[in-house]
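Since the structure comes first, as structure tokens, the remarks are kept for the end.
Protein chains: 2
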Amino acid sequence: MIVKGNLVDCTKEGTIRIRENNFLVIEDGIISKIYSQDELPDSLKNEEIEDYGDSLILPGLIDMHLHAPQFAFRGLGMDMELLDWLNTYTFPEEAKYKDIEYAKKAYKKFVDALAKSYSTRAIVFATLHTDSTILLMDMLEESGLKCFVGKVNMDRNSTDELIETTESSIDSTVKWLDICKDRYKNIKPIITPRFIPSCSDELMKALGNIRGDTYGLQSHLSENPKEVEWVKELCPDSDGYLDAYNKRGNLNKSKVDTVMAHCVYSDDKEIELLKEKNVYVAHCPQSNICLSSGIAPIRKFLDNGIKVGLGSDIAAGYSLNILNQAVEAIGLSKLYWRYIDKNSKSLELAEAFAIATRIPGSYFGKVGAFEEGFEADMLVINDEELNKDIDDIRKRFERFLYLSDECSLRAKYVSGQKTVTF
Amino acid sequence: MIVKGNLVDCTKEGTIRIRENNFLVIEDGIISKIYSQDELPDSLKNEEIEDYGDSLILPGLIDMHLHAPQFAFRGLGMDMELLDWLNTYTFPEEAKYKDIEYAKKAYKKFVDALAKSYSTRAIVFATLHTDSTILLMDMLEESGLKCFVGKVNMDRNSTDELIETTESSIDSTVKWLDICKDRYKNIKPIITPRFIPSCSDELMKALGNIRGDTYGLQSHLSENPKEVEWVKELCPDSDGYLDAYNKRGNLNKSKVDTVMAHCVYSDDKEIELLKEKNVYVAHCPQSNICLSSGIAPIRKFLDNGIKVGLGSDIAAGYSLNILNQAVEAIGLSKLYWRYIDKNSKSLELAEAFAIATRIPGSYFGKVGAFEEGFEADMLVINDEELNKDIDDIRKRFERFLYLSDECSLRAKYVSGQKTVTF
């Protein structure tokens with residue numbers, strides 16, 4: 001397959017790269033070659049070319065953190081901080097996913113919306129219910145998106161309707177992983193303790209063992225001051241929140257890395273450990289605003305070589321559009337500079353684009369940029385209405401980034417497969 | 001005319017008011033009566049009713065501060081603070097409006113976009129060019145929107161292409177106001193010194209005189225620390241930025257009040273003066289983020305009874321959608337609470353709605369709510385896709401507020417006149 005258009009992606013060095021009227025040659029879902037108009041060999045000129053003319057083509061965006069069952073109530077209940085918000089809005093909603101019929105309806109809406117969004121890949125929390133988690137994974141598989149999905153574990157500090165015993169949590173995780181084996185082409189399970197307050201030490205240790213060197217692990221970290229305090233009380237053995245995960249064996253080396261959402265209150269010691277354990281940070285700026293959590297020190301993470309991605313964190317964030325998160329990330333970094341640390345340079349556009357594409361893409365392999373050997377995740381953008389009369393591709397891209405809700409997709413490919421037709 | 005739907009507006013007390021299946025009776029653009037289904041008198045049942053069924057109907061939104069000529073470059077150049085941003089991006093763009101043909105094309109796009117937006121009214125900066133300002137006013141008049149529009153004054157600290165002599169600035173303002181007389185039904189001129197750094201003392205004093213007790217006045221106030229410092233140097237006679245306007249006679253009592261954009265760095269003394277002079281504050285949260293300006297003390301303004309509205313501040317803000325500004329205002333107030341003042345309660349949804357509708361509506365008369373005697377500005381919302389399966393009107397409204405970019409307009413009325421058909 002050959003796809004032609006104006007390619008906009010991020011280099012390894014983190015700059016925005018624009019290649020006008022270039023041709024992506026794709027074999028088995030992988031970019032095998034990239035040619036400019038002059039370079040295209042005669043032998044390929046007779047091949048069928050999907051010519052997107054003057055359209056921008058971007059790598060698919062990566063949503064590093066979101067809760068599928070919360071999609072049903074996004075945009076509601078933004079008047080609380082994390083712990084109250086969980087008890088009041090979130091846990092009651094997630095309890096409904098015990099009912100597979102309810103899950104069928106609600107997850108369908110979520111999967112449809114994610115499929116139509118600018119994201120090609122996501123790392124997803126389901127609920128603690130095995131059946132509806134499998135259902136969600138089946139639906140995502142069908143959509144053509146590539147996702148990690150986690151059956152949530154929680155054996156303490158929840159409501160009566162949304163809790164497991166330690167034993168049943170462990171057993172059902174083993175059972176769930178077994179069901180997943182050989183079932184999916186695009187979807188992978190990921191170990192998902194909700195967060196330290198929801199999981200007893202015994203459960204955490206068992207999950208670390210189940211993870212072994214095979215599975216990835218996702219959870220929440222240092223999101224809210226009260227939560228951080230609570231973890232300190234719950235884990236007197238530990239030297240900080242991430243160290244609590246570490247001491248329970250959750251961060252042991254595995255083929256698939258760890259993702260921690262938020263990291264708003266990660267101090268220098270925690271940043272050290274994030275780096276040492278090669279943990280990906282899922283920065284969720286909209287969520288951090290909506291739940292009054294605060295501003296994460298993204299500049300410090302980047303300066304320390306920690307891999308940062310963006311998360312919509314549906315439904316503490318309300319928008320599935322990762323470019324909105326990128327714009328919010330730039331905005332929060334400016335406020336961080338203004339109010340917290342005048343030595344902390346705010347994020348540049350290229351950095352915001354990198355944490356939406358190339359950097360979190362590496363969690364999935366060679367993903368998130370247009371280079372030989374990379375998987376061909378492509379967004380073909382319709383920015384005609386917004387960018388009428390603007391020729392400069394860099395300007396079109398910059399405006400698209402800020403105003404992507406006023407644009408739309410012409411086509412979306414995941415690993416070379418067209419997933420949705422618009 | 002009778003319009004039926006689910007009315008959602010703000011009470012005088014600032015609460016969200018929901019009236020399901022109500023009828024607005026409108027005479028000469030004014031709401032003369034509101035009936036519930038049971039109350040509708042038999043005599044009206046045979047009248048033609050514009051029945052919007054289950055749709056939400058909201059008052060039109062008010063954009064208290066935006067720059068029409070900057071619409072062309074919104075979403076670009078977000079990498080600077082105010083003063084550099086003005087010199088690098090804004091002044092060169094505004095200089096182009098000397099060319100009436102350029103203005104014709106660029107203003108058409110702006111007016112079309114504003115007409116299609118959720119705003120029914122706006123307070124607008126044009127440029128210093130009289131001809132293209134008249135052109136903009138003519139186009140806005142045609143659109144049916146109700147706006148205040150200002151020919152900008154600036155006689156110092158600008159570029160060679162975008163500057164007036166003091167004399168020509170005064171003369172052209174008088175001439176412009178003369179042209180405006182009896183020319184418009186919907187559009188009113190408003191005195192518009194750009195900001196203190198752009199206007200000499202002599203010019204400011206003349207504009208105060210021209211304003212007299214007849215015209216409104218709009219300008220910028222205390223947006224950025226470096227700007228505030230600069231004003232202090234420029235006006236050693238004055239006890240603060242707003243006092244500089246005051247000492248130059250710009251805030252004298254008039255039939256139409258003053259609007260000041262931003263007020264990020266207004267201290268208690270300035271807040272006193274804002275209150276004393278009945279100045280409206282145009283809060284522009286997105287702009288204040290994008291230009292790294294900071295967070296305005298909105299809670300203090302509201303506590304002091306100062307009238308606050310929202311401004312898109314195109315193009316320091318990038319979105320014309322005032323509901324996006326409302327959501328950002330809530331977000332910034334949460335960060336203000338978190339980082340600046342733990343006694344400053346964050347904005348509630350109802351307050352964010354009030355500063356988008358009813359409070360700034362009072363600048364235009366009886367505008368911004370559904371009550372007898374109010375002008376009938378109405379937005380008929382299509383939230384079907386977003387709110388499928390949600391019955392509760394309050395929840396539909398709350399989700400619409402956060403996710404209005406995923407919804408659309410079915411119809412838009414300004415003073416009872418349908419302005420755009422969708």
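Those protein sequence lines, which keep their order, are chains A and B. Going by the UniProt record's numbering, the first sequence opens with residue 1, and the numbers climb by one from there. Going by the UniProt record's numbering, the second sequence opens with residue 1, and the numbers climb by one from there. Every residue, glycine too, gets a C-beta built ideally from N, C-alpha and C. Because the structure is a prediction, the values reported are computed rather than measured.
For residue i, three-class secondary structure by DSSP
i: Arg338/A; result: helix
i: Tyr402/A; result: helix
i: Cys290/A; result: helix
i: Cys180/A; result: helix
i: Asn87/A; result: helix
i: Phe23/A; result: strand
i: Asn246/B; result: helix
i: Gly5/A; result: strand
i: Leu66/A; result: strand
i: Lys151/A; result: coil
i: Val420/A; result: strand
i: Met378/A; result: strand
i: Tyr52/A; result: strand
i: Lys146/A; result: strand
i: Tyr363/B; result: helix
i: residue 440/A; result: This structure cannot speak to residue 440/A, because chain A is shown only from 1 to 422.
Straight-line gap, residue i to residue j (C-alpha atoms, nearest Å)
i: Asn387/A; j: Arg396/A; result: 6 Å
i: Asp178/A; j: Leu135/A; result: 15 Å
i: Gly150/B; j: Pro69/B; result: 12 Å
i: Arg156/A; j: Cys199/A; result: 6 Å
i: Asp380/B; j: Arg410/B; result: Before going on, a small fix: residue 380/B reads as Val here, not Asp. Those two C-alpha atoms are separated by around 5 Å.
i: Asn224/A; j: Tyr280/A; result: 19 Å
i: Ala113/B; j: Leu320/A; result: 24 Å
i: Ser254/A; j: Tyr363/A; result: 12 Å
i: Leu291/B; j: Glu81/B; result: 5 Å
i: Glu161/A; j: Thr88/A; result: 13 Å
i: residue 423/B; j: Glu229/A; result: Since the displayed chain B opens at 1 and closes at 422, residue 423/B lies outside it and no answer follows.
i: Ser158/B; j: Phe91/B; result: 7 Å
i: Ile295/B; j: Leu56/B; result: 32 Å
i: Glu398/B; j: Leu58/B; result: 12 Å
i: Leu66/A; j: Val308/B; result: 35 Å
i: Phe110/A; j: Phe370/B; result: 36 Å
i: Val259/A; j: Val327/A; result: 22 Å
i: Lys232/A; j: Tyr245/A; result: 12 Å
i: Thr173/B; j: Glu167/B; result: 10 Å
Chain E within 8 Å of residue i, Cβ atoms only
i: Cys290/B; result: Protein chains A and B are contained in the structure displayed, whereas chain E is not.
Exposure label - residue i; buried when at least 16 CB within 10 Å
i: Pro193/A; result: buried
i: Ile62/A; result: buried
i: Gln37/A; result: exposed
i: Glu13/A; result: exposed
i: Leu4/B; result: Checking the displayed sequence, the identity of residue 4/B turns out to be Lys instead of Leu. When all chains shown are included, Lys4/B counts as buried.
i: Pro41/A; result: exposed
i: Asp341/B; result: exposed
i: Pro189/A; result: buried
i: Pro236/B; result: exposed
i: Glu227/A; result: buried
i: Arg183/A; result: exposed
i: Arg338/B; result: buried
Span of the alpha helix (DSSP H) around residue i
i: Glu93/A; result: Phe91 to Ala95
i: Ala352/B; result: Leu349 to Ala354
i: Asp42/A; result: Asp42 to Lys45
i: Ala206/A; result: Asp201 to Arg211
i: Lys226/B; result: Pro225 to Leu234
First through last residue of the beta strand (DSSP E) which encompasses residue i
i: residue 423/B; result: In the structure as shown, chain B begins at 1 and stops at 422. Residue 423/B is therefore absent and cannot be evaluated.
i: Ala411/B; result: Ser408 to Val414
i: Thr258/B; result: Thr258 to His262
i: Glu308/A; result: As written in the sequence, residue 308/A is Val, which differs from the Glu given in the question. Val308 to Leu310 is the extent of the beta strand (DSSP E) around Val308/A.
i: Leu217/B; result: Leu217 to Leu221
Flag this pair as touching only if the region 126-135 of chain A and the region 91-98 of chain A have three or more C-beta atom pairs under 8 Å; answer yes or no. Touching, yes.
Pair every Cβ in the region 232-246 of chain B with every Cβ in the region 195-213 of chain B, then say whether three or more of these pairs are closer than 8 Å. Put simply, the region 232-246 of chain B touches the region 195-213 of chain B. At least three CB pairs are less than 8 Å apart.
Looking at C-beta atoms only, is the number of pairs between the region 345-353 of chain B and the region 329-336 of chain B that lie closer than 8 Å three or more? Counting C-beta pairs closer than 8 Å gives three or more between the region 345-353 of chain B and the region 329-336 of chain B, which meets the contact rule.
Are the region 16-27 of chain B and the region 16-23 of chain A in contact at 8 Å, needing three or more beta carbon pairs? The region 16-27 of chain B, when compared against the region 16-23 of chain A, does not touch it at the 8 Å Cβ threshold.
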